[in-house]
Amino acid sequence: MGNCCSDEAGGRTAVGGTAASLGNLNNAPNDAIDQFLKSRGHALFSQIELSYSASDLRNRDLLSKSDPMVVVYTKARDGVLEELGRTEVVLNSLNPTWITKHIITYHFEIVQTLVFRVYDVDTQFHNVDVKMLKLDEQQFLGEGSGVLSQIVTRSHRSLTIDLVHREESTGSNRGSNHGKLTVHAEECVSSKTTTEMIFRCSDLESKDLFSRSGPFLVISKVVESGIPIPVCKTEVIKGDLKPTWKPVYLNIQQVGSKDSPLVIECFNFNSSGKHDLIGKVQKSLADLEKLHSSQQGENLFLPTVIGVGHNYQNKVLKSQLFVETFSQSTQHSFLDYLAGGCELNFMVAVDFTASNGNPRLPDSLHYIDPSGRLNAYQRAIVEVGEVLQFYDSDKRFPAWGFGARPIDGPVSHCFNLNGSSHHSEVEGIQGIMMAYTSALLNVSLAGPTLFGPVISNAALIASHSLANSGRKYFVLLIITDGVVTDLQETKDALVKASDLPLSILIVGVGGADFKEMEILDADKGERLESSTGRVASRDIVQFVPFRDVQSGEISVVQALLAELPTQFLTYMRTRDIQPIS
665 MGNCCSDEAG GRTAVGGTAA SLGNLNNAPN DAIDQFLKSR GHALFSQIEL
715 SYSASDLRNR DLLSKSDPMV VVYTKARDGV LEELGRTEVV LNSLNPTWIT
765 KHIITYHFEI VQTLVFRVYD VDTQFHNVDV KMLKLDEQQF LGEGSGVLSQ
815 IVTRSHRSLT IDLVHREEST GSNRGSNHGK LTVHAEECVS SKTTTEMIFR
865 CSDLESKDLF SRSGPFLVIS KVVESGIPIP VCKTEVIKGD LKPTWKPVYL
915 NIQQVGSKDS PLVIECFNFN SSGKHDLIGK VQKSLADLEK LHSSQQGENL
965 FLPTVIGVGH NYQNKVLKSQ LFVETFSQST QHSFLDYLAG GCELNFMVAV
1015 DFTASNGNPR LPDSLHYIDP SGRLNAYQRA IVEVGEVLQF YDSDKRFPAW
1065 GFGARPIDGP VSHCFNLNGS SHHSEVEGIQ GIMMAYTSAL LNVSLAGPTL
1115 FGPVISNAAL IASHSLANSG RKYFVLLIIT DGVVTDLQET KDALVKASDL
1165 PLSILIVGVG GADFKEMEIL DADKGERLES STGRVASRDI VQFVPFRDVQ
1215 SGEISVVQAL LAELPTQFLT YMRTRDIQPI S
C-alpha cells in the first residue's frame, strides 16, 4: 500500500493546521485542503493493475468463433456506471486472454464495485480503434460484476465471475452457459516503494510566551493547480526548539515522483487547532536526498505580508531543516498481508442507554422507521460493515450492547446483542441489523455509559487469537450517543489493548457535545496514559461525531476507516510480522 506513517500523535488537527494557518495569512480558509482531509483522511492507497481472461464464451459467429472484447466500468453508490477502459479485440476465440491491462486506485474505505461487459465485435469494425466502437452495434455476450476488495483479498488475487445475459426488454436474466470471466489484480511495484526520512530542525523560533513549544512537520504535495495537499505529518515534540522527529515513510507514488515538489511546513502545536506556522521549505524527494548527502541544512522561510496591498514576501529565517537519514526500500504492503491470509474481523457495540430516548417514539435515536429509513445506529453499522465484511472470510461478527437492562436482570454493560447467553456472533451485516432490532424489543434502556467492559471483551478475543497464532486483526465499532462515564477505566482498557491486533472506531450519534471523547483519540497530541502511568504503545482509537457526514461518495465514517490500514501496518511492522508468501 502507499504509505506515509509516523507516530500519529499530532493527528488530523495537526494537518488541519495547514488550512487554519494559511487561512490567517490569506484571510480565507484553504477549502481544497480542508475538503481533502475530510474526504480522504490519511488513507493508504495502491495502484492496482487489472487483467482479464475468459472461458466458454457464447459463439455468435456462424462461420468462425466470436471476436470478444471486455468493457470495464466502475459503479457508483447511486448505480451510475463510468467506463474505466476497454481491452483489445481477440479474434476467433471463445477462451481469450486479453493483453490490455487497466489501472485503478484501490481505496480500502470504499466499496468499489466493478462491472464487466463482454462483446463480440463484428468483423467490419476490426480496423476501428476500440475506443471509437459503438457498443450498441456489437453483439452482447454477457456481463458480470465484482467488488475490488473481493479480488485483492483472495490468495491469488483472482476472481472468476459467471457471465449473464440481461434481457433489456424484461430486465430478467436468461439461464447459464454464457461463460466465465476471470479478473486478476496485481499491485503496482511503485505502491510499495517507500522513502524513509528522519528530519530535525535547529534554532526554531518560540511561538509560546507562557507554555512550551510543540513543533511538528506537515509534508504536502503540490498539485497542478499549485495547491498543497497534505500527505504526511510527524508527531508533536513538546518543549524542544531543536527537535528530531521519528521516521516518516513516504510512498513514491503518493507524491508523484522523486522530482515532484513537496512543501514541508513546521508548525507550533496549539490545542485550539489553530497552529502557528514557524516556517517552511519547498523541496522534492531528490532535493531532500541531496540535502542528506551534503549534511547541510536548508533555511526555513516565512511568507510575510508587506505593504497595504497584502502582497507577500518570503522572509528567510535562521531556523534550518536537516535530513538526518534518507533511504528507499520496497516494503510489504497491506495487500501483501491480505494475500498472505491475514483478515480483518469486525465487531460492534451499541449504546442502549436511556439518553437515546424511547425507541417507540420518532424522536428517539433508536427509532425504527416503518418506511425503512435507517437511523444513525443502523447507518453506522452498514457504512462500516459493508466495507469490512470483505476482509472476514466467515463473516461471523461479535455484536454487543451496553447500558441496558435485559428482561428480569440488572443493568449490563456488555450483553450479547443476539440474546444468547453463550455466544456473541451473528451472521453477516444483516445478522447485526436483525439482532439490534430484536434487542430493542427485549431490553430496557438504562445507563450509565461505560466503554470499559466492551473494550475488554474485544481485547480478550484479540488476545486469544494472538495466543493461537491467528493472523487476524480486529476492528471494534462503538456507537454511542453520549460521553463516556468511566473515562479512566476506558483509558486503562485502551492502553492495555494497544499491544494487541485491535483498532477501535467510536462513532458519536445525536447532538451531544463530544469534546471530551476526543481525549481517547491520540490524534490530539498525547498518547493515552493508564492509572498506573503506563503509556499506550500506539494510537488505536479514532473518534468522529456522525453528524459530520458530508455529501458525496464518502462519509466521515468511511474516511476514518481509511486510517485502519495504517494502524494495521504499524502493528505488523513494529512487531516484525511478515506476510506469508
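Read in order, the letters of the sequence shown correspond to residues 665 to 1245 in our numbering. All residues carry an ideal CB built from backbone N, CA and C; glycine is no exception.
| field | Cβ-Cβ distance between G961 and L985 below 8 Å | value | yes
| message | Please state the DSSP three-state secondary structure of S822. | response | strand
| request: Hey, could you find the ends of the alpha helix (DSSP H) S1000 is sitting in? | output: Residue 1000 is actually Asp in this sequence, not Ser. Here the alpha helix (DSSP H) through D1000 covers 998 to 1003.
| Three-state secondary structure assigned by DSSP to S957 | helix
| query | When the Cα atoms are used, what is the spatial distance from R876 to T764? | reply | 58 Å
| task | Counting only the same chain and skipping the five closest in sequence on each side, list residues whose C-beta sits under 8 Å from that of N1106. | result | P1070, I1071, G1083
| Helix, strand or coil: how does DSSP classify K765 here? | coil
| request: Report the partner residues of D940 according to the DSSP bridge assignment. | output: N932
| task | With a floor of 3 residues, list each beta strand (DSSP E) that falls wholly inside the segment 771 to 802, ordered by position along the chain. | result | 777 to 784
| Neighbourhood of C1006 by C-beta distance below 6 Å, restricted to the same chain and skipping five residues each side | R1135
| said: When you compare the CB positions of A1122 and M1011, do they come within less than 8 Å of one another, or not? | reply: yes
| message | For Q810, list the residues DSSP reports as bridge partners. | response | Note that residue 810 is Gly in the sequence shown here, rather than Gln. Answer is L778.
| message | So, with DSSP's three-state summary, where would you put T1101? | response | helix
| request: Report all residues from its chain with a CB closer than 7 Å to the CB of L1224; omit the five preceding and five following residues, and keep chain order. | output: G705, L1169, Q1206, V1208
| message | Contact between the segment 1171 to 1185 and the segment 1034 to 1045 is defined here as three or more beta-carbon pairs at a separation below 8 Å; is this criterion met? | response | yes
| Should R838 go down as buried or exposed, given a rule of 16 or more other Cβ atoms within 10 Å for buried? | At R838, the pLDDT of 49 sits below 50, so the modelled position is not reliable; the number obtained from the coordinates is stated separately. With fewer than 16 Cβ atoms within 10 Å of its Cβ, R838 is classed as exposed.
| task | Please name the residue or residues paired with R864 in a DSSP beta bridge. | result | T908, F986
| message | Helix, strand or coil for E1050? Go by DSSP, reduced to three states. | response | helix
| query | According to the Cβ coordinates, are I1125 and P1062 closer than 8 Å? | reply | yes
| query | Any idea if Q1231 is buried or exposed, counting beta-carbon neighbours within 10 angstroms, 16 or more meaning buried? | reply | buried
| message | Rounded to whole angstroms, what is the Cα-Cα separation between K944 and S983? | response | 10 Å
| Identity of the residue in Y737, H766, P911, I901 nearest V779 by Cα | Y737
| Among residues of its own chain, excluding the 5 on either side of H1294, which ones have a beta-carbon nearer than 6 Å to its beta-carbon? | Residue 1294 lies beyond the range of the chain shown here (665 to 1245); nothing can be said about it.
| query | When the Cα of D1203 is compared with those of I1183, F863, K844, which residue comes out closest? | reply | I1183
| Assigned secondary structure, L1233 (DSSP; H/G/I helix, E/B strand, else coil) | helix
| request: Name, in chain order, the residues that DSSP records as bridge partners for L914. | output: T859
| message | Distance check for T1113 and V679, CA to CA, integer angstroms please. | response | Confidence at V679 is low in this model, with a pLDDT of 29, below 50, so the placement of that residue should be treated as unreliable; the coordinate-derived value is given next. Rounded to the nearest angstrom, the two C-alpha atoms are 31 Å apart.
| field | S1129 - DSSP class collapsed to helix/strand/coil | value | helix
| Nearest to D710 by CA position, among G810, V919, S884, is which residue? | The question names Asp, yet the displayed sequence has Ser at residue 710. Nearest C-alpha to S710: V919.
| query | Helix, strand or coil: how does DSSP classify Y1041 here? | reply | helix
| task | Can you give me the Cβ contacts of I1142 inside the same chain, cut-off strictly under 6 Å, excluding the 5 residues immediately before and after it? | result | A1013, I1170
| query | Is the beta carbon of V816 sitting closer than 8 Å to the one on V775? | reply | no
| Counting Cβ pairs, one atom from each stretch, are 3 or more of them under 8 Å apart for the segment 788 to 796 and the segment 818 to 828? | no
| said: Could you give the first and the last residue of the continuous beta strand (DSSP E) run that contains T1017? | reply: Note, T1017: premise wrong, no beta strand (DSSP E); not H, not E.
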